[in-house]
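**Student:**
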Amino acid sequence: MMRKFILTAAAALGLSLVATSAQAAGGVKVPDESWTWEGLFGYYDKAQLQRGFQVYHDVCANCHGLKLVAYRNLTDIGLGEDQVKAIAAEKEVEDGPDDAGDMFMRPAMPSDRFVSPFPNDNAARFANGGALPPDLSLINKARMGGPDYVYHLMLGFKDEAPEGFELPDGKYYNEYFPGHAISMPPQLMEGLVEYADGTEASEEQLARDITAFLNWAAEPELEARKSLGIKVMLFLLVLTAMLYALKRKIWADVEH
């Protein structure tokens, strides 16, 4: 039994070291950032999520999909039903068959998932010089470093590669991308979008807002999960106090 435990612990340590080595080898060591959703009482700033969606809609959606999110989910970040219907109707989806057995195209509805910018992966690669833009539904959870990595990646582009670094043709130098040679060109610049709420659209603000939106896309249930967790903890505290009081009552008259 002890031997099995030692082997399991050794395997876990080995996997941890491999992951750490992979992180170091990839060069993905990013500074820690502070986010509103962190910690026990973390929450999403809906105004920030709406700004982040605006960045996704106007910039990122030209190449990146969000296939695990439905348009109707946007009501959770504070958008009205009419707004969501209008956003969905900008795209078309295939539906059918009709009475004649034929498939047809119709405007997307709130119940549909986000329509990908390309019909298939081959078309996406062809339009992007052979690189396949990743779907962003789970990007904040799929990348080591999570939202910190996504935030710094968006700001990590350099005009020139460091001396001695050979940058392949068609690639861009990014300080935080593993290997530093990324196919995606710089996406953010000051004033790239005009925020509906009047917030100044600096590069840092754009990066924080799109990162927040993508974290919501990956964990839309975060606030409900944390709320439930707090309620459970409070219930357990009250239950513990009641059981302790009951124990003292039961044993109060017992002679020692």
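In mature numbering (1 follows the signal peptide of the UniProt record, and there is no 0), the protein residues as written are -24 to -1, 1 to 232. Heads up, the beta-carbon is just placed ideally off N, CA and C, and yes, glycines get one too. If you're wondering where the values come from, they're calculated on a predicted model, not measured in any experiment.
So the beta strand (DSSP E) Arg82 belongs to, where does it begin and stop?
**Tutor:** That run of the beta strand (DSSP E) goes Phe80 to Pro83.
**Student:** Would you identify the three-state DSSP class for Glu199, choosing helix, strand or coil?
**Tutor:** Three-state DSSP puts Glu199 in a helix.
**Student:** Give a yes or no on contact between the stretch 2 to 20 and the stretch 194 to 209, applying the rule of three or more CB pairs nearer than 8 Å.
**Tutor:** The stretch 2 to 20 vs the stretch 194 to 209: in contact.
**Student:** State the Cα-Cα distance for the pair Asp173 and Asn49, rounded to the nearest angstrom.
**Tutor:** Going by the C-alpha atoms only, they are around 21 Å apart.
**Student:** On the three-state DSSP scale, how would you describe Ala157?
**Tutor:** The answer is strand: DSSP assigns Ala157 an E or B state.
**Student:** Measure the CB-CB distance between Ala64 and Ala37 and report whether it falls below 7 Å.
**Tutor:** Result no, Cβ atoms of Ala64 and Ala37 do not sit closer than 7 Å.
**Student:** Buried or exposed: where does Trp227 fall if 16 or more other Cβ atoms within 10 Å of its Cβ makes it buried?
**Tutor:** By the neighbour-count rule (16 or more Cβ atoms within 10 Å), Trp227 is not buried but exposed.
**Student:** Can you tell which of Ile158, Ile115, Leu114 and Asn116 has its C-alpha closest to the C-alpha of Asp135?
**Tutor:** Considering only alpha carbons, the answer is Ile158.
**Student:** CA-CA distance, Glu180 and Arg82?
**Tutor:** Rounded to whole angstroms, Glu180 to Arg82 spans 38 Å at the Cα level.
**Student:** Whole angstroms is fine: what's the gap from Val45's alpha carbon to Phe90's?
**Tutor:** Each residue's alpha carbon lies about 6 Å from the other.
**Student:** For Ala177, collect the residues of the same chain with a Cβ closer than 8 Å to its Cβ; drop the 5 residues on either side in sequence, then sort them by chain order.
**Tutor:** Taken in chain order, the residues that qualify are Glu166, Gly167, Leu168, Val169, Glu170 and Tyr171.
**Student:** What's the call for Ile115, buried or exposed, on a 16-neighbour Cβ count within 10 Å?
**Tutor:** Burial call: buried.
**Student:** So, helix, strand or coil for Val169, using DSSP?
**Tutor:** Correct three-state label for Val169: coil.
**Student:** Taking 7 Å as the limit between beta carbons, can you name the residues of its chain near Leu129, skipping five residues before and five after?
**Tutor:** If we look at Leu129 and ignore the five residues flanking it on each side, its Cβ neighbours are Asn150, Tyr152 and Phe153.
**Student:** If you run the structure through DSSP and keep just helix, strand and coil, what is Lys57?
**Tutor:** For the record, residue 57 in the displayed sequence is Glu; it is not Lys. Helix.
**Student:** Is there a Cβ of chain B sitting closer than 7 Å to that of Ala157, yes or no?
**Tutor:** As a matter of chain content, chain B is missing from the structure shown, which is built from one protein chain.
**Student:** So, at 6 Å on beta carbons, what are the nonlocal neighbours of Ala(-6) in its own chain, with the 5 sequence-adjacent residues on each side left out?
**Tutor:** Because Ala(-6) sits at a pLDDT of 40, beneath the cut-off of 50, its placement in the model cannot be relied upon, and the following sentence gives the value as read from the coordinates. The answer is none, since no qualifying residue turns up.
**Student:** Under three-state DSSP, which class holds Val230?
**Tutor:** If DSSP states are grouped into helix, strand and coil, Val230 belongs with coil.
**Student:** Between the stretch 186 to 196 and the stretch 213 to 228, can you find at least three pairs of beta-carbon atoms closer than 8 Å?
**Tutor:** With a cut-off of 8 Å, the stretch 186 to 196 and the stretch 213 to 228 do not count as touching, because too few Cβ pairs lie within range.
**Student:** Among Gly72, Asp185 and Val208, which residue has its Cα nearest to the Cα of Gln24?
**Tutor:** Out of Gly72, Asp185 and Val208, Asp185 has the C-alpha closest to the C-alpha of Gln24.
**Student:** Restricting to runs no shorter than 4 residues, where is the alpha helix (DSSP H) found entirely within the stretch 70 to 124?
**Tutor:** The stretch 70 to 124 contains these whole alpha helix (DSSP H) runs: 97 to 103 and 115 to 118.
**Student:** Is it buried or exposed, Pro95, if we count other Cβ atoms within 10 angstroms and call 16 or more buried?
**Tutor:** Label assigned to Pro95: exposed.
**Student:** Below 8 Å on the Cβ atoms is my guess for Leu131 versus Ala99; work out the distance and round it to an integer in Å.
**Tutor:** Not a contact, Cβ separation roughly 29 Å.
**Student:** Over what stretch of residues does the alpha helix (DSSP H) that includes Glu179 continue unbroken?
**Tutor:** Glu179 to Ala194 is the span of the alpha helix (DSSP H), which, as asked, contains Glu179.
**Student:** Would you mind working out which of Tyr125, Ser203, Leu164 and Pro144 sits nearest Val6, comparing C-alpha positions?
**Tutor:** Closest option to Val6, Cα to Cα, is Tyr125.
**Student:** With distances taken Cα to Cα, identify the nearest neighbour of residue 234 among Gly155, Gly122 and Ser87.
**Tutor:** Since the first residue of the chain shown is -24 and the last is 232, residue 234 is not available in this structure.
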